[in-house]
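Undergrad: Supplied in structure tokens, the structure appears directly below.
There are 2 protein chains.
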Amino acid sequence: MSMELAEAKQKFIEAWGKLGSEWGINRTMAQVHALLLVSPEALTTEEIMDALSISRGNANMTLRDLIGWGLVEKQHRAGERKEYFFADKDTWNIAKQVAKERRKRELDPVIKILDELSGVKGDAKDPEYLTFHKSVTDINKLAKNVDKTLDTMIKAEENWFWGSIVKMFR
Amino acid sequence: MSMELAEAKQKFIEAWGKLGSEWGINRTMAQVHALLLVSPEALTTEEIMDALSISRGNANMTLRDLIGWGLVEKQHRAGERKEYFFADKDTWNIAKQVAKERRKRELDPVIKILDELSGVKGDAKDPEYLTFHKSVTDINKLAKNVDKTLDTMIKAEENWFWGSIVKMFR
DNA sequence: TTTAACTTTCAAAATATACTGAAAGTTTAA
DNA sequence: TTAAACTTTCAGTATATTTTGAAAGTTAAA
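Structural data, given as structure tokens:
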């Protein structure tokens with residue numbers, strides 16, 4: 011027995027929403043994104059509200075956020091007042107865009123604080139200080155490695171990036 | 011003017027808590043973890059409650075979760091009833107542990123659903139179906155690449171792993 | 001201009017998540 | 001055993017986040 015397309019879309023939207031919420035992205039935002047990802051045509055606010063049973067206000071704010079993340083764009087059509095919303099379907103672009111934004115919004119500010127805390131001086135005989143200093147500098151190094159890797163990813167082509175990763179298995 | 015150790019610790023705990031909450035980890039849990047990371051000695055529930063101004067119940071649940079994530083362990087001392095809690099200070103172990111758990115809890119279930127949805131058959135002339143199928147299979151491929159990379163990371167030594175990544179820059 | 005179509009805003013309500021604290025449970029030393 | 005020392009549980013409360021919907025704002029065709 012095979013799954014209906016409509017049912018499959020619904021499952022996809024739910025799964026994407028759940029994953030998003032587990033990773034600090036608002037569930038509705040992830041669901042709207044998922045809906046647009048499986049829509050060949052751009053959708054209106056009205057259609058999105060309908061498909062996901064959400065309010066106009068919620069749809070509007072969520073779409074604005076998605077545009078802010080660089081994942082969705084507005085389209086307008088000649089002779090129509092309505093705005094249409096369309097999602098970039100290129101998965102690698104999506105991944106890069108999300109990596110880019112989260113790096114900027116969350117990782118970079120933390121690295122700034124870690125740099126500052128790494129510089130805190132103290133008594134080299136004090137275990138309290140030594141433990142603090144070691145943990146902070148180690149985490150700082152790790153965070154910078156992640157940062158550099160994300161930077162590479164953001165600038166990279168998909169095939170090259172995963173190709174290089176795959177070489178690590180050899 | 012240099013920062014006090016106590017103030018620096020506080021900043022670290024706050025920064026770690028904020029980062030955690032942005033990445034789907036409970037703020038208190040991240041803060042308890044941070045507190046233990048900068049403590050040379052294992053701490054009691056009482057000391058943790060005091061340091062972070064949290065209740066006994068909260069401390070207990072949070073510590074249990076941290077143990078479940080493999081980031082903290084209980085210690086007991088001869089002749090004492092109290093339990094002491096100690097965090098692994100090896101940053102690479104921490105990163106691997108977090109990667110391992112999130113992969114198991116969140117990524118793997120999504121890949122399972124994507125595998126299922128990738129198999130949904132439909133009309134090759136229907137743009138609705140084609141768009142759905144392309145998005146789902148593309149995301150599935152990406153998720154599997156991430157999965158494989160995390161697997162490599164989990165099994166790897168830090169120097170080898172970042173060394174291989176660094177080679178990507180050359 | 002007007003006005004209808006459409007978008008945006010935001011205070012209030014709903015929901016989801018996290019926390020408290022006291023009571024119940026457990027353990028171990030005596 | 002007892003009982004003090006300690007841990008765990010969980011119903012109720014508090015807090016944080018998300019959502020609603022109606023009013024205000026904007027736009028463009030007539």
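Protein chains in written order, with this note's numbering: chain A, 11 to 180; chain B, 11 to 180.
Virtual Cβ for every residue (Gly too), placed ideally from N, Cα, C.
Could you tell me whether any Cβ in chain B is nearer than 8 angstroms to the Cβ of residue 138/A?
TA: To locate residue 138/A, count along the first sequence from 1; it is residue 128. By this cut-off, residue 138/A is an interface position.
Undergrad: Which one of 59/A, 97/A, 91/A has the shortest CA to CA distance from residue 76/A?
TA: The residue given as residue 76/A occupies position 66 in the first sequence. Residue 97/A is the option with its Cα nearest to residue 76/A.
Undergrad: List, in chain order, every chain B residue whose beta-carbon is nearer than 8 angstroms to that of residue 125/A.
TA: The residue given as residue 125/A occupies position 115 in the first sequence. Result: empty, since nearest Cβ-Cβ is about 11 angstroms, beyond 8 angstroms.
Undergrad: Residue 52/A touches chain B at which residues, Cβ-Cβ below 7 angstroms?
TA: Here residue 52/A corresponds to residue number 42 of the first sequence, with the count starting at 1. Within 7 angstroms Cβ-Cβ: nothing; residue 52/A doesn't reach chain B, min ~12 angstroms.
Undergrad: Among the residues of its own chain, which have a CB less than 7 angstroms from the CB of residue 46/B, if the five just before and after it don't count?
TA: As a working note, residue 46/B is residue 36 in the second sequence. Around residue 46/B: 53, 82, 95, 96, 97.
Undergrad: Within 10 angstroms of its Cβ, does residue 63/B collect 16 or more other Cβ (buried), or is it exposed?
TA: The sequence position of residue 63/B within the second sequence is 53, counting from 1. Label assigned to residue 63/B: exposed.
Undergrad: Taking the beta strand (DSSP E) that residue 82/A falls in, what are its first and last residues?
TA: For the purposes of this step, residue 82/A is identified with residue 72 of the first sequence, where counting begins at 1. 82 to 86 is the span of the beta strand (DSSP E), which, as asked, contains residue 82/A.
Undergrad: In angstroms, rounded to a whole number, what distance separates the CA positions of residue 132/B and residue 150/B?
TA: The residue given as residue 132/B occupies position 122 in the second sequence. The residue given as residue 150/B occupies position 140 in the second sequence. Taking the straight line from one Cα to the other gives about 18 angstroms.
Undergrad: Near residue 11/B, which residues of its chain fall below 7 angstroms by C-beta distance, leaving aside the five closest residues on each side in sequence?
TA: Walking along the second sequence from the start, residue 11/B turns up at place 1. The pLDDT assigned to residue 11/B is 45, lower than 50, so where the model puts this residue is not dependable, and the model offers no usable value.
Undergrad: I'd like to know whether the C-beta atoms of residue 156/B and residue 117/B end up nearer to each other than 8 angstroms.
TA: Working through the second sequence from its first residue, we reach residue 156/B at position 146. Working through the second sequence from its first residue, we reach residue 117/B at position 107. Against a cut-off of 8 angstroms, the Cβ pair of residue 117/B and residue 156/B comes out as a contact.
Undergrad: Starting from residue 144/B, find everything on chain A with Cβ-Cβ shorter than 8 angstroms and list it in chain order.
TA: Looking up residue 144/B in the second sequence gives position 134. Going along chain A in sequence order, the residues near residue 144/B (Cβ under 8 angstroms) are 99.
Undergrad: Spatial neighbours of residue 119/B within its chain, please: CB distance less than 6 angstroms, with the 5 preceding and 5 following residues excluded, ordered by chain position.
TA: Numbered from 1 along the second sequence, position 109 holds the residue referred to as residue 119/B. Once the five neighbours on either side are set aside, residue 119/B has no close Cβ partner at all.
Undergrad: Among 33/B, 99/B, 65/B, which residue has its Cα nearest to the Cα of residue 108/A?
TA: As a first step, residue 108/A must be located in the first sequence, where it is residue number 98. Of the listed residues, the one whose Cα sits closest to residue 108/A is 33/B.
Undergrad: Is residue 68/B close to chain A, meaning its C-beta is less than 8 angstroms from at least one C-beta of that chain?
TA: By 1-based counting over the second sequence, the position of residue 68/B is 58. Chain A contact via Cβ: absent.
Undergrad: Considering only the alpha carbon of each residue, which of 111/B, 179/B, 20/B, 39/B lies closest to residue 48/B?
TA: On the second sequence, position 38 is the one that residue 48/B refers to. Comparing Cα-Cα distances from residue 48/B to each of 111/B, 179/B, 20/B, 39/B, the minimum goes to 20/B.
Undergrad: Tell me the DSSP bridge mates of residue 105/B?
TA: One-based indexing of the second sequence puts residue 105/B at position 95. DSSP lists no partner for residue 105/B.
Undergrad: What are the boundary residues of the beta strand (DSSP E) that residue 93/A is part of?
TA: Residue numbering aside, residue 93/A sits at position 83 when the first sequence is read from its first letter. Looking at the DSSP string, the run of the beta strand (DSSP E) that includes residue 93/A is 93 to 97.
Undergrad: Find the nearest neighbour of residue 35/A within the set 13/A, 138/A, 55/A, 79/A, judged by alpha-carbon distance.
TA: Within the first sequence, numbered from 1, the residue matching residue 35/A stands at position 25. When each option's Cα is compared against that of residue 35/A, the closest is 79/A.
Undergrad: Would residue 40/A count as contacting chain B if we go by Cβ distances under 8 angstroms?
TA: If you number the first sequence from 1, residue 40/A lands on position 30. Not one chain B Cβ lies under 8 angstroms of residue 40/A.
Undergrad: Measuring CB to CB, does residue 40/B end up less than 8 angstroms from residue 26/B?
TA: Reading the second sequence from its first residue, position 30 is the one you call residue 40/B. Reading the second sequence from its first residue, position 16 is the one you call residue 26/B. Their beta carbons are under 8 angstroms apart, which means residue 40/B touches residue 26/B by this criterion.
Undergrad: Do the CB positions of residue 99/A and residue 145/B come within less than 8 angstroms of each other?
TA: What you label residue 99/A is simply residue 89 of the first sequence in a count that begins at 1. What you label residue 145/B is simply residue 135 of the second sequence in a count that begins at 1. Yes.
Undergrad: What does DSSP give as the partner residue(s) for residue 53/B in the beta ladder?
TA: Taking the second sequence and counting its residues from 1, the one referred to as residue 53/B is at position 43. Answer is 95/B.
Undergrad: For chain A, is any of its Cβ atoms less than 8 angstroms away from the one on residue 58/B?
TA: What you label residue 58/B is simply residue 48 of the second sequence in a count that begins at 1. No, because no Cβ of chain A sits closer than 8 angstroms to the Cβ of residue 58/B.
Undergrad: Using a Cβ-Cβ distance under 8 angstroms, would residue 148/A count as near chain B?
TA: One-based indexing of the first sequence puts residue 148/A at position 138. Cβ-Cβ to chain B under 8 angstroms: yes for residue 148/A.
Undergrad: Measuring straight from C-alpha to C-alpha, what distance separates residue 37/A and residue 30/A?
TA: Counting from 1 along the first sequence, the entry for residue 37/A is found at position 27. Counting from 1 along the first sequence, the entry for residue 30/A is found at position 20. Roughly 6 angstroms between the two C-alpha positions.
Undergrad: Starting from the N-terminal side, write out each stretch of the alpha helix (DSSP H) that is 4 residues or longer and does not extend beyond the stretch 117 to 158 of chain A.
TA: You should have 118 to 128.
Undergrad: Could you tell me whether the Cβ atoms of residue 175/A and residue 159/B are closer together than 8 angstroms?
TA: For this step, residue 175/A is matched to residue 165 along the first sequence. For this step, residue 159/B is matched to residue 149 along the second sequence. Yes. Within cutoff.
Undergrad: Is the distance from the Cβ of residue 130/A to the Cβ of residue 88/B below 8 angstroms?
TA: Locating residue 130/A in the first sequence gives position 120, counting from the first residue. Locating residue 88/B in the second sequence gives position 78, counting from the first residue. Their beta carbons are not under 8 angstroms apart, which means residue 130/A does not touch residue 88/B by this criterion.
Undergrad: Where does the unbroken alpha helix (DSSP H) through residue 171/A begin, and where does it stop?
TA: Within the first sequence, numbered from 1, the residue matching residue 171/A stands at position 161. Start and end: 168 to 177.
Undergrad: Can a CB atom of chain A be found closer than 8 angstroms to the CB of residue 49/B?
TA: Residue numbering aside, residue 49/B sits at position 39 when the second sequence is read from its first letter. Residue 49/B counts as touching chain A.
Undergrad: Could you check where the alpha helix (DSSP H) with residue 66/B kicks off and where it finishes?
TA: Numbered from its first residue, the second sequence carries residue 66/B at position 56. Run containing residue 66/B: 66 to 78, per the alpha helix (DSSP H) assignment.
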